[in-house]
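To start, the structure under review is shown below, and the notes come after it.
Chains as they are written, first to last, in the UniProt record's numbering: chain A, 1 to 352; chain B, 1 to 352; chain C, 1 to 352.
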């Protein structure tokens, strides 16, 4: 697989470029660009980790924390540019529930089949739970207030921008807290973290070059993918919500998903949990609010109001994931429960 | 009491049979069949435990887990047959909140008056909480999606059947997990389990015969009880919801209720918790979805959508019960809190 | 500050009396009476503690628990008398979220800047969480049932009075539990409690006299403040909700707020938590239901139905506060999270 990565990356990138510019069949375009996204997102992830490795622990941690979901952010920016706000929010919802239910569930299930019980740092679990709760609350409050009180568009945007700012402040605080002031408190967990060192097979210069190249590739492929979504959605009678929450979200996160499951099968469930929960936190506390600010540069401004069913899905995923991870251990059955909740949500979104 | 059990069982069964076939006054019919249900449900419970005792640990555990709420299941099937879906859902709701608030509350309160603090296995409490949460989520998601998106009846049934299947898969997984793969993890709790052995005062052959007889008796009495409910409900100006959630549910669970309280007063709070929580789990993850599938054999199909107030009641009961049991210990005051929440819900249902 | 307390108390009381009776400008009246409330509420708090000190541990604990929020209760009674029910409920909501988010958040943040991690009794945290949950449930159930089932005014009042009675029974039970039957269980926490002894700088007779004087002063100033609220609210285009939840609540609780922060900065976070959480419990389980009963003596009766956004705010505050305090330790970042949630709620209430 490792040897084939670059040839496949280049092949699918080239094919989806041809498909895009030669106006091939929409479904073919969609499939090729979706596969290409999986590869370029994986490439971007590796390049980010490699640069982070050379940047030293502190700056590296910051880079990973900020650009870990860069592929998703870039896809979402193109969606925002096209004014496809419903699909943006659906894809953010899908990323959060995908990480907390599909990735965490598959990791705990796959790992649990090999190991009876897999343990991880219980302190971190508690802190993560409170942070996820803040994310849910911050997305939930504006929706409740705006819907029950029928606020004006102007007030809605004011609330959205304030909440977005609060989320970014909370995220920045979390970086300071977990990387500087209380690093030692969470240090015993160090050994279970993904060993980024292993991945750094490239030299420093090459890593930076690859990071630039990967970012450009992601930007191109994202635009091609976004361009096919509307035709594809209508052709198969799917809703924007379903395509955003399940297809775009899974494609954008595929690289992380496979990494987490691999780690769990090596009994490194702590690292898998960190990928899944950390990625969800980044989406809720960083990517979502950044997109609100990004939209201010375009004609149409995106508020931070998620729909009732999106909020229900996020709340449900956070509740069950925190309930299961609170004891700092996972088993195959807990993984299965998470996957079953994902199935229930998938079916419900499909019928909407 | 033990000596009088069989005479009373036969007397009330016979009386309610006469009342039914001779068309006595509806209220008298209702009262006699309700009392008869208490006795035959108790008889069925004892027979199930006795057969389980001879079936060996594994199959016996499975029997207890599957037929522990057989009386309720049979009553509910007759309600489904009559198309009284609202009352079915109300009685399931009532069973869940009755077990989590009334039974657990009365056990903790009664036990707490005698013993300062009563402890039980904290691991099991965590697992139970996650499972109850899955049950709440699985009942909550279809209701939110169908109501906010105004789905068609066809889509509603598709979602209902899928969710029902997911719940049964989750329940089956739980049986495998708790009885086979992770039995040893929960083994330290063994001593607090109800000692089914004690109850096995009958021979193997007698136990099986009694199980068959008890099932037939429950089936008859259930039909007689269901037949009186509509007249009784209208006569006293009660809602289907109140009768289902409080009267049917208490009658169907009376035997378990008294057993749990007795155990708590013997300082076996772990066994009482297991009866209360285990029974709730069985209702939510097994009885409710089985009824959806059973309804497919009748003319009218029952969906899995509970009303807002039923979901609120279930969510509230699960929240407070898991909050109180999370620390693996109960006191009289915690029992009182559970009972007070039950009172609040009872009053609210009464006025609907 | 201590030396200036009495002169400032008397000065602001006198000034706001003059402003009231001489019909000064409404804004000036509002500001003067608001500042006066801060001082007289602080005076009443000190007098209550001093009397409690002489009354002995048990009766003193009861006095503190019952009259700890006397100033707020008196303000609220004047609001009830004026029929300003929306503002009463807003101010109760504001007190609860102010204590759980602003006071607890500022204490944890300020204390956390000086001390890396501040610990407190984990048992008490669990008990408090269950009690707060009961409060949320008791306020939540009537609202859900009345709104979804469109109950009559008569039934709404019946439910309100029942729920109010249940809350007072729960609160009375809590006093018996925590002060009599299970005092020893929570005893290891004793040292972190605010040392009321320190405060008793007055003789027994003086303390009782001061208590009477302070109560009378609070009653007067409360009436003056309430009299200015409507004019002030309209003049600045603020909603009753915002003024009640943020201005009245902060003014009425200012004395406690500063005490809690001071204690946290002395590394007595347990005492700060007890003030913040204990005060919230008292509002939800004692002040709110007492006001329902008090309203029965006036022409208009106040129900116990809070609005959706008030319930959302209370639920959110309880969730995040219990999630953060569950581990029995606080850090600066956890304080910051609480403060950020308070900001989000403040902004949302402002735009309503």
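No residue lacks a Cβ here, since even glycine has one placed at the ideal position from N, Cα and C.
If we ignore side chains and look at the alpha-carbon of each, how far apart do residue 334(C) and residue 339(A) end up? Position 334 of the third chain, counted from the first residue, corresponds to residue 334(C). Position 339 of the first chain, counted from the first residue, corresponds to residue 339(A). Roughly 31 Å between the two C-alpha positions.
CB-CB under 8 Å to residue 190(A), same chain, minus the five flanking residues each way: which ones, in chain order? Taking the first chain and counting its residues from 1, the one referred to as residue 190(A) is at position 190. For residue 190(A), the predicted model reports a pLDDT of 43, less than 50, meaning its position is unreliable and no value from the coordinates is stated.
Chain-ordered neighbours of residue 170(C) on chain B, where CB pairs are closer than 7 Å: Mapped onto the third chain, residue 170(C) falls at position 170. Within chain B, the residues near residue 170(C) are 337 and 340.
Between residue 342(C) and residue 79(C), is the Cβ-Cβ spacing less than 8 Å? As a working note, residue 342(C) is residue 342 in the third chain. As a working note, residue 79(C) is residue 79 in the third chain. In this structure, residue 342(C) keeps its C-beta atom at 8 Å or more from the C-beta atom of residue 79(C).
Does DSSP classify residue 348(A) as helix, strand or coil? As a working note, residue 348(A) is residue 348 in the first chain. Of the three classes helix, strand and coil, the one that applies to residue 348(A) here is helix, per DSSP.
Mind checking who residue 3(A) pairs with in its DSSP beta bridge? As a working mapping, residue 3(A) is identified with position 3 in the first chain. In the DSSP output, where bridge partners are listed per residue, residue 3(A) has none listed.
Positions along the stretch 315 to 336 of chain B whose CB lies within less than 8 Å of some CB in chain C: Cβ contacts with chain C come from 316, 319, 320, 323, 324, 326, 327, 331, 332, 333, 334 and 336.
Give the secondary structure of residue 119(C) by DSSP, where H, G and I count as helix, E and B as strand, and everything else as coil. By one-based count along the third chain, residue 119(C) stands at place 119. Residue 119(C) falls in the strand class under three-state DSSP.
Which ranges would you report for the alpha helix (DSSP H) in the UniProt domain "Sodium/calcium exchanger membrane region" (26 to 179) of chain C if only whole runs of at least 4 residues count? 26 to 54, 57 to 67, 70 to 81, 85 to 97, 104 to 114, 122 to 149 and 153 to 176
Return the chain-ordered list of same chain residues with a C-beta closer than 6 Å to the C-beta of residue 168(C), the five sequence neighbours on each side being excluded. Position 168 of the third chain, counted from the first residue, corresponds to residue 168(C). Within the same chain, residue 168(C) has close Cβ partners 289.
Do residue 91(B) and residue 244(B) have their CB atoms nearer than 8 Å? The residue given as residue 91(B) occupies position 91 in the second chain. The residue given as residue 244(B) occupies position 244 in the second chain. Yes.
Taking Cβ positions only, does residue 183(A) come closer than 8 Å to chain C? Taking the first chain and counting its residues from 1, one reaches residue 183(A) at position 183. No, its Cβ sits nowhere closer than 8 Å to a Cβ of chain C.
According to DSSP, is residue 215(C) part of a helix, a strand, or is it coil? Stepping through the third chain from its first residue, residue 215(C) is reached at position 215. In the displayed model, residue 215(C) falls within a helix according to three-state DSSP.
How about residue 251(B) and residue 76(B): do their beta carbons lie closer than 8 Å? In the second chain, counting from the first residue as 1, residue 251(B) sits at position 251. In the second chain, counting from the first residue as 1, residue 76(B) sits at position 76. No, they are not a contact pair.
According to DSSP, residues forming a beta bridge with residue 329(A): As a working mapping, residue 329(A) is identified with position 329 in the first chain. 119(A).
Taking Cβ positions only, does residue 308(B) come closer than 8 Å to chain C? By 1-based counting over the second chain, the position of residue 308(B) is 308. The beta carbon of residue 308(B) sits closer than 8 Å to some beta carbon of chain C.
So residue 100(A) contacts chain B; which residues on that side make the cut at Cβ distance below 9 Å? Within the first chain, the letter at position 100 stands for residue 100(A). By Cβ distance, chain B contributes nothing, its closest Cβ being about 13 Å from residue 100(A), past 9 Å.
Is residue 163(A) close to chain C, meaning its C-beta is less than 8 Å from at least one C-beta of that chain? Taking the first chain and counting its residues from 1, the one referred to as residue 163(A) is at position 163. Closer than 8 Å: yes.
Decide if the stretch 112 to 129 of chain B is in contact with the stretch 325 to 332 of chain B; the criterion is three or more beta carbon pairs, one per stretch, under 8 Å apart. yes
Can you list, in chain order, the residues of the stretch 241 to 265 of chain B whose Cβ is nearer than 7 Å to any Cβ on chain C? none
Determine, using beta carbons only, whether residue 144(A) comes closer than 8 Å to chain C. Your numbering for residue 144(A) matches position 144 in the first chain. Yes, because at least one Cβ of chain C sits closer than 8 Å to the Cβ of residue 144(A).
Beta-carbon proximity of residue 280(B) to residue 130(C), cut-off 8 Å: Walking along the second chain from the start, residue 280(B) turns up at place 280. Walking along the third chain from the start, residue 130(C) turns up at place 130. Contact flag unset, no.
Can you say whether residue 212(B) is buried or exposed, counting buried as having 16 or more other CB atoms within 10 angstroms of its CB? Taking the second chain and counting its residues from 1, the one referred to as residue 212(B) is at position 212. Within a 10 Å sphere around the beta-carbon of residue 212(B) sit fewer than 16 other beta-carbons, which makes this residue exposed.
Buried or exposed (CB count within 10 angstroms, at least 16 for buried), residue 177(C): Taking the third chain and counting its residues from 1, one reaches residue 177(C) at position 177. Classification of residue 177(C): buried, given that the 10 Å Cβ count is 16 or more.
Taking residue 265(A) as part of the alpha helix (DSSP H), name the residues at either end of that continuous run. Within the first chain, the letter at position 265 stands for residue 265(A). It spans 249 to 265 - the alpha helix (DSSP H) in which residue 265(A) sits, taken as one unbroken run.
Determine the chain C residues that contact residue 303(A) at a beta-carbon separation under 7 Å, and present them in chain order. For the purposes of this step, residue 303(A) is taken as the residue at position 303 of the first chain. Within 7 Å of the CB of residue 303(A), no CB atom of chain C is found; the nearest one sits about 13 Å away.
Note down, in chain order, every chain B residue with its Cβ under 7 Å from the Cβ of residue 348(A). Taking the first chain and counting its residues from 1, the one referred to as residue 348(A) is at position 348. Here the neighbours are 141, 142, 145 and 159.
By alpha-carbon positions, which one of 346(C), 304(C) and 274(C) ends up nearest to residue 126(C)? The count along the third chain starts at 1 and reaches residue 126(C) at position 126. Among 346(C), 304(C) and 274(C), the Cα nearest to that of residue 126(C) is on 274(C).
I'd like to know whether the C-beta of residue 274(A) is nearer than 8 Å to at least one C-beta of chain C. By one-based count along the first chain, residue 274(A) stands at place 274. Residue 274(A) does not count as touching chain C.
Over what stretch of residues does the alpha helix (DSSP H) that includes residue 271(B) continue unbroken? As a working note, residue 271(B) is residue 271 in the second chain. It spans 269 to 282 - the alpha helix (DSSP H) in which residue 271(B) sits, taken as one unbroken run.
Answer yes or no: does any C-beta atom of chain B fall closer than 8 Å to that of residue 312(A)? Counting from one through the first chain, the residue named residue 312(A) turns up at place 312. By this cut-off, residue 312(A) is an interface position.
Just to confirm my understanding: we take residue 28(C), look at its own chain, exclude 5 residues before and 5 after, and list those with CB closer than 8 Å. What are they? Sequence index remark: in the third chain, residue 28(C) carries index 28 (1-based). Here the set comprises 19.
I'd like to know if residue 137(B) contacts chain A, where contact means its C-beta is closer than 8 Å to some C-beta of that chain. Looking up residue 137(B) in the second chain gives position 137. Yes, its Cβ sits closer than 8 Å to a Cβ of chain A.
Residue burial classification, residue 299(B) (beta-carbon count within 10 angstroms, cutoff 16): In the second chain, residue 299(B) corresponds to position 299, counting from 1. Around the Cβ of residue 299(B), a 10 Å sphere holds fewer than 16 other Cβ atoms; the residue is exposed.
Which chain A residues sit within Cβ distance under 9 Å of residue 173(B)? By 1-based counting over the second chain, the position of residue 173(B) is 173. Going along chain A in sequence order, the residues near residue 173(B) (Cβ under 9 Å) are 332, 333, 336, 337 and 340.
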